[in-house]
Structures are given as C-alpha cells and as structure tokens.
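Asks: Following the working numbering, the numbering of the sequence shown begins with 2 at its first residue and continues without gaps.
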Amino acid sequence: MDRFGFGENWEKFLENLTDERIQEAEKSLLEWLNMESLKGKRFIDIGSGSGLFSLAARNLGAEVCSFDYDINCVNCTQSLKDKYYREDDKWHVEQGDVLNKEYLSGLGKYDIVYSWGVLHHTGNMYQALENAGRQVADKGLLFIAIYNDQGWESKMWKWIKKVYNAAPELLRMLIVLSYFGVLWTVKSVKDIMKGTPFSSWRTYIQKRGMSPIIDARDWVGGYPFEVAKPEEIFDFFHARGFQLEKFFTQGGGMDATSLYLKRFRPVISIYK
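Listed below in structure tokens is the structure:
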C-alpha cells in the first residue's frame, strides 16, 4: 500500500517551529478540554506526528506517552523531547502501531487520549478507533478528529491522494501548489471583501499553532484515507461507553469533525 510520508512533512514543519506556535497549541488543548492545567493527568498522543501537542501537554503538566507508526514522526517527537525535556522521565517517545492490540495493552490507561487527524490514515479506521478507545481510563477523555464523509468529494479526494503518492516528486509539488493556490486565493479574496485582509491566514495559525503550507501537503498526500459522518462516530463510541462532551464540524476542503468524548462506563464491561 502506498503511504504518505507524514514524518518527512513534519520535519519541515519543525524547521520553523516558534514559541508562539507552541503556546497556541497549549492554548487550544486547554480550551478544548475545558481545563486550566493538565497537571497530574496521564496523556497519550496516538500518532504524535511533529510532537507539537505532546510537547504542549508536557508543558501543561501532563505525564506524556507519544508514539507513531512512522519512524520519521517518532524522530520528530524525540527531537522536541531532546530539546526541551532531555532528562525527563515523564515523557516517553516510541514507535508503535495503533492497530496492534498487543502493543497497546502494554501501555496502560490514560486520562486523556489524543489522536488528532490520525486514525483515518491507518488503513483500518474503525479498528483504530476501537483500539484508541481502549486506552481511555474510566471517566477519562478521548480527543480525536476524523475526516467528514462528503460523498463524491471524499471519493474524489481519495483518488487524488492515490495519484499523488504514486506520482514523481515534480508532479507532487505541482498538485500541492495548485491546491494551496486555489484554497488560499479564495480565502484571501473573501477576507479582502470583508475588509480583513489575511485574517484567515492568521486565524489558521493561531487556532492550533499549525502551518497552512505543511497542512496543505499533508491533506493532499494523506493516504490511506477514510471518512465518516459525525453521527456514525457518535454512535460508535456511545455503544462503547462514551458520551459526547464537545464537537465541531464543518464541511468542505480540509475540514474534519473534532470530537471530545468522556468515558462513563468501565472499560472491562464494554469490549469483547
């Protein structure tokens, strides 16, 4: 199966990581989780990518476990740990697969299970969702983002992603630049018409501390690729002992459904 090199993409992101972006990542975590601190919490980052949100969680006081399937992502996360928490024994970074139940069983349970925009890239999304849910402690929180099912548009994007990953480097670059140009030209024109030039660009960065350019490459190349309707995710987790605390969804483009769920039934009685 062709896979997108997420780690290679995140290496480029870390080249321009600033204190401001780290602070925005911290802010977004606290806002979503309705907390003032993560002190005393156990936090697992499934598919840690660049390691930015693992770093944010550690800065906020959590004990952190970070893992990723992509060794380059593991190296990215490790580089942040080495830079900010080299001798710290409350942040562990390793390579792992969310589809590997035996591996996950050795990690224990966590107060906060975080997996943003990851589980739909595993090649087996519903198994990944179930496995991630197994890591949530009783009354713990699950914080994920899953791509919306947008019908024919999602099918079109799946085809584009497959073409991208099979294409030579020059064609890949042209595909990303074309998408980025169209997306941000439209947004910029709308901003100018509203009398707020570049507001979308600033808001995008401030929202999660991420890079619009890196995210565009991630979106175009992100394969494997699966989608789901919000209600399908709600029903899936409700049947497994979770209640919805907060969600945000918006159709079109790179948007996904962001979900924040809380476990309300013991783990042992839920899973077969």
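We put the beta carbon where it would ideally sit given N, CA and C, even for glycine.
Values in this document were obtained by computation on a predicted structure and should not be read as measured data.
1. Quick one: what's W92 bridged to in DSSP?
2. Tell me which same chain residues have a C-beta within less than 8 Å of the C-beta of S80, skipping the five on either side of it?
3. Within this structure, are the beta carbons of S116 and T78 separated by less than 7 Å?
4. A146 by DSSP, collapsed to three states: which one?
5. Distance check for L143 and F235, CA to CA, integer angstroms please.
6. Using a Cβ-Cβ cut-off of 6 Å (strictly less than) and excluding sequence neighbours within five positions of K273, which residues of its own chain qualify?
7. Does Y165 come out as helix, strand or coil in the three-state DSSP assignment?
8. When you compare only the Cα positions, how much space is there between E25 and T19?
9. In angstroms, rounded to a whole number, what distance separates the CA positions of G8 and S189?
10. At what residues does the beta strand (DSSP E) containing Q244 begin and finish?
11. List the endpoints of the continuous beta strand (DSSP E) containing V114.
Replies: Taking the definition as stated:
1. V65
2. Only L15, G52 meet the Cβ criterion.
3. Contact flag unset, no.
4. strand
5. 12 Å
6. Confidence at K273 is low in this model, with a pLDDT of 23, below 50, so the placement of that residue should be treated as unreliable; the coordinate-derived value is given next. The answer is none, since no qualifying residue turns up.
7. The answer is helix: DSSP assigns Y165 an H, G or I state.
8. 10 Å
9. When the Cα atoms are used, G8 and S189 turn out to be separated by approximately 29 Å.
10. 243-249
11. 111-117
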